[in-house]
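As structure tokens, the structure follows; a few thoughts come after it.
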DNA sequence: CGCTGGAGCCAG
DNA sequence: CATCGCTGGCTCCAGCG
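Residue numbers (UniProt numbering): 1 to 986.
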């Protein structure tokens with residue numbers, strides 16, 4: 001590093017953690033395929049666009065969503081002629097690849113340039129990974145990264161090739177292969193120092209929009225623009241003659257779709273002796289608006305309506321989860337489009353490629369700022385400096401013993417010089433996309449299975465290799481090509497690849513390859529060889545084997561071992577029988593198979609039937625951070641917001657749920673009120689409670705009410721709540737015929753200007769979520785009225801039943817006041833009806849668990865009465881219709897059918913009497929939960945009909961009348977009769 | 001025996 | 001200032017009829 005750069009570095013006092021906090025907002029890259037489906041952070045361009053529209057256009061824009069939404073774009077999609085081959089079975093054989101390896105896909109105009117990957121793959125027995133790993137066989141400090149950089153900087157042609165290649169990749173990945181407008185045509189741009197958005201993002205933007213990028217300022221003459229956020233005094237003088245602009249020039253030009261005059265963004269103004277920054281109109285690079293933003297963000301506590309959004313925006317784990325879900329959804333979409341893809345059958349031999357970025361977050365974050373030296377300094381990605389968790393650390397840090405998930409404070413004890421870098425979620429997405437793009441373009445694999453943002457499993461049938469010879473060699477070649485391409489495309493991110501005949505072996509090979517290497521073991525054909533290869537790995541390298549399983553195995557089979565046993569150790573010491581007895585049938589069997597490098601049935605599902613494997617079965621929100629509530633009402637509001645989030649999602653997915661689960665974390669009795677980690681949950685007990693709807697629903701009112709009621713059942717004092725999760729289970733597709741029909745508020749009209757078109761009620765709610773939020777705020781800003789969500793509207797204005805229900809639900813709120821007895825009086829218990837006994841036992845169990853804070857083996861029993869098969873013995877004689885029914889769901893179904901069939905004429909009085917008697921029985925038997933559930937089912941059903949029948953419908957009115965006047969009061973009285981005895985506490 | 005709800009585990 | 005401890009899927013187990 002030269003003196004100037006050093007001086008600049010030292011003069012820059014901003015903490016690294018400030019870098020890149022807000023840069024995701026402005027990127028043009030945010031709008032591609034999977035990112036948009038989730039809660040991508042707000043998008044200023046979009047907001048800008050919206051606010052530029054007049055009311056008329058805005059409403060029209062929203063209305064356009066009444067039509068079916070355009071299909072999401074795929075990250076695996078590209079538009080070239082051979083598109084179809086993407087997922088096809090082995091259309092392009094390796095032989096054609098050998099010709100293509102030279103990157104002539106990149107740029108046909110310069111085929112003469114030797115590609116580095118040719119060097120790497122040309123040697124037949126070259127086991128080394130040139131040029132990436134050759135000079136740096138193992139760990140970081142040896143890696144001669146500079147050589148590679150030099151390689152590019154010396155050869156401008158190559159540099160441009162690479163940019164062209166990247167441009168093409170980006171276009172494919174981000175813009176359906178179409179070029180972006182050439183905003184920076186004829187510009188040759190150099191970036192100086194640290195910038196916001198960071199260097200990597202600016203680079204991408206510049207080349208995407210037609211500019212040329214200079215990595216080094218050696219030949220200053222050719223550079224037309226220099227981008228910098230800040231300049232040292234010395235640089236200021238040095239750059240006097242250049243067009244030095246702020247990064248905003250780039251972002252604003254792109255937003256404006258044309259190159260804006262550089263003078264407006266000049267960093268050095270001629271008449272400014274003090275070198276004061278010229279702050280440009282929209283947003284200064286660093287300054288007050290940012291600070292304000294941060295402050296307001298920081299003050300968001302869990303009561304703030306935007307808390308969820310702001311928390312999610314910064315949570316690595318949330319990002320990981322949503323990325324994964326998105327990738328899975330995308331896979332299914334693609335899979336369905338290409339019906340010719342076949343799962344792998346049991347008898348087929350395959351080569352599995354397990355591909356994974358090396359310390360992904362750390363690498364990407366490090367590359368975004370030239371001050372971070374990835375291969376020399378110990379680096380980690382984390383938010384804070386003490387009890388902040390390390391999301392990812394580079395291999396230098398690992399050599400000190402630093403591990404992912406460690407708190408920064410403890411890591412610093414191992415490695416005092418550890419440098420913390422900020423997250424850069426947007427760039428992670430971009431680089432991930434590039435990986436998947438490259439994998440797809442390779443046209444080598446039969447399937448590309450997403451594992452996560454930084455990891456994929458690729459499959460190739462052995463039978464589809466060219467000839468049958470040298471499978472090993474072909475695999476090695478393809479791994480090396482991929483590694484090289486990813487390295488180039490991502491500006492220096494390395495992937496490691498493990499390749500083997502099974503999922504397990506590929507995974508272990510990957511472990512062997514890391515960091516920055518490849519390991520192909522397709523040549524280990526007989527069992528002994530494979531065994532020998534596997535023997536050295538520690539047990540926890542096996543998939544699905546974590547802390548707990550290792551612990552159990554150690555305890556039972558290696559009581560004296562001081563370290564984690566290896567696969568070889570376990571294989572020598574265990575039998576199928578011993579494993580299943582220690583770990584259970586399935587787990588034991590699975591591990592037993594793993595010991596011979598075989599995949600078990602469950603693991604193979606991803607190969608056999610990927611669609612089934614990736615299908616979404618549940619959806620949930622977990623928040624176990626910053627949860628601090630004072631009152632149950634605040635919690636109710638929070639639950640509402642969580643449910644809103646979830647229902648909005650399943651609504652977008654067109655799904656409904658028959659079962660919801662609430663899971664809470666409650667501060668352990670002995671745990672301090674505030675744990676070591678700021679706003680952390682500390683040590684907690686967890687409790688969960690699930691309940692079912694008679695008919696699957698996506699209705700927020702029902703779901704939220706149910707969850708709130710579950711929360712009360714769990715009887716957690718609001719102040720002790722430290723975490724809350726809501727899950728919608730057993731998701732199913734909503735029947736499509738519904739909801740297309742006319743809804744009762746179809747004539748909803750926007751107030752005000754009569755020239756403004758009528759807003760179609762469905763339209764707003766059919767918009768993609770990311771758009772919805774901005775449109776909503778835009779509407780609010782203009783005092784335009786947004787129609788309520790169809791489902792919610794029903795609950796509010798159409799169905800008094802619902803309203804009643806809400807009140808009914810709330811009526812239980814204040815009734816759990818008394819303390820539970822610390823021990824149960826046996827006599828007292830014996831004299832109670834069994835149902836009640838169970839209920840009290842359950843409550844007692846909660847208290848006991850809470851008191852003891854026992855972590856394991858303290859299962860709460862008799863939890864759900866809602867779904868235990870109904871004891872119909874006494875009701876059977878009287879109610880013929882229920883005779884054959886044993887399961888609650890059948891009962892709900894019957895009631896649903898009953899309502900459906902009588903919705904126009906109303907229920908028959910005799911039937912109602914019969915039904916009344918049935919309810920009486922339930923009440924008498926204290927099965928109020930069941931009765932409650934039935935009422936809920938009926939309410940739900942009636943609301944459903946309310947959507948399609950006129951409010952005059954006599955039959956429906958009768959039904960509602962019955963529900964309101966007879967059924968609910970009956971349940972209410974039974975409920976108030978019951979609650980004092982149940983003795984919850986709040 | 002098969003089913004269910006709750007808890008636990010694991011991965012990234 | 002801290003700091004952002006998610007989420008989906010499988011398995012195990014006890015209890016029920």
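The beta carbon of each residue, even a glycine, is placed where N, CA and C say it ideally should be.
Item	Value
Identify, in the order they occur along the chain, each residue of the same chain with its Cβ nearer than 8 Å to the Cβ of residue 557, setting aside the five sequence neighbours on each side.	565, 570, 573, 574, 578, 582
Helix or strand or just coil, what does DSSP make of residue 724?	strand
Enumerated in chain order, which unbroken segments of the beta strand (DSSP E) with a length of 3 residues or greater are wholly contained in the segment 369-441?	379-381, 419-421
Can you list, in chain order, the residues of its chain whose CB lies under 6 Å from that of residue 631, leaving out five sequence neighbours each side?	718
Taking 7 Å as the cut-off, does the CB of residue 607 come closer than this to any heavy atom belonging to the ligand FMN?	Summarising the ligand content, the structure contains no ligands, and the ligand FMN is consequently not present.
Using only alpha-carbon positions, find the residue among 702, 956, 678 that is nearest to residue 1032.	With the chain covering 1 to 986 only, the question about residue 1032 has no answer from this structure.
Check whether the segment 594-605 and the segment 683-702 are in contact - that is, three or more C-beta pairs closer than 8 Å.	no
By Cβ distance, which residues of its chain are closer than 7 Å to residue 666, with the 5 residues on each side in sequence left out?	684, 685, 687, 716, 720, 721, 722, 850
Over the uninterrupted beta strand (DSSP E) stretch that includes residue 686, give me the two end residues.	684-697
Using a Cβ-Cβ cutoff of less than 6 Å, which residues in the same chain neighbour residue 966 once the five nearest sequence positions on both sides are dropped?	none
Going by the DSSP bridge assignment, what does residue 335 pair with across the sheet?	None, per the DSSP bridge assignment.
Between which two residues does the alpha helix (DSSP H) containing residue 610 stretch?	610-614
Looking at C-alpha atoms only, which residue of 627, 399, 432, 554 is the closest neighbour of residue 680?	627
Nearest-angstrom Cα distance between residue 970 and residue 963?	10 Å
Ends of the beta strand (DSSP E) at residue 213?	212-214
Can you give the Cα-Cα distance for residue 878 and residue 908, rounded to whole angstroms?	In this predicted model, residue 878 has a pLDDT of only 33, less than 50, meaning its place in the structure is not dependable enough to derive any value.
Between which two residues does the alpha helix (DSSP H) harbouring residue 362 extend?	360-367
Looking only at its chain, what residues have a beta carbon closer than 7 Å to the beta carbon of residue 533, apart from the 5 residues adjacent to it on each side?	521, 524
Tell me the rounded alpha-carbon separation between residue 629 and residue 317.	23 Å
How about the segment 426-442 and the segment 375-394: do they share at least three Cβ pairs that are nearer than 8 Å?	no
Roughly how many angstroms lie between the CA atoms of residue 426 and residue 174, to the nearest whole one?	13 Å
If I follow the unbroken beta strand (DSSP E) through residue 619, where does it start and stop?	619-623
Whose C-alpha, out of 305, 584, 226, is nearest the C-alpha of residue 268?	226
Near residue 636, which residues of its chain fall below 6 Å by C-beta distance, leaving aside the five closest residues on each side in sequence?	708
Could you tell me the distance, in whole angstroms, from the CA atom of residue 738 to the CA atom of residue 621?	Its pLDDT being 43, under 50, residue 738 is placed unreliably in this model, and the value from its coordinates should be taken loosely. Answer to the nearest angstrom: the Cα atoms are 27 Å apart.
With a CB to CB cut of under 8 Å and the five nearest residues on each side skipped, what residues in its chain are close to residue 346?	604, 608
Take residue 311 and list the residues in its own chain whose beta-carbon comes closer than 6 Å to its own, dropping the five residues that flank it on each side.	none
Look up residue 547 in the DSSP assignment and say whether it is helix, strand or coil.	helix
For residue 332, I'd like the list of residues in its chain whose CB is within less than 8 Å of its CB, leaving aside the five on either flank, ordered along the chain.	611, 614, 615
According to the Cβ coordinates, are residue 459 and residue 350 closer than 8 Å?	yes
Give the DSSP-derived three-state secondary structure of residue 918 in the structure shown.	helix
How would you label residue 712, buried or exposed, when you count the other beta carbons within 10 angstroms and need 16 or more for buried?	buried
By how many angstroms is the C-alpha of residue 671 removed from the C-alpha of residue 618?	32 Å
Could you check if residue 454 is buried or exposed, using at least 16 other CB atoms within 10 Å of its CB as the buried criterion?	buried
Below 8 Å on the Cβ atoms is my guess for residue 244 versus residue 228; work out the distance and round it to an integer in Å.	6 Å
Three-state secondary structure (DSSP) at residue 500?	strand
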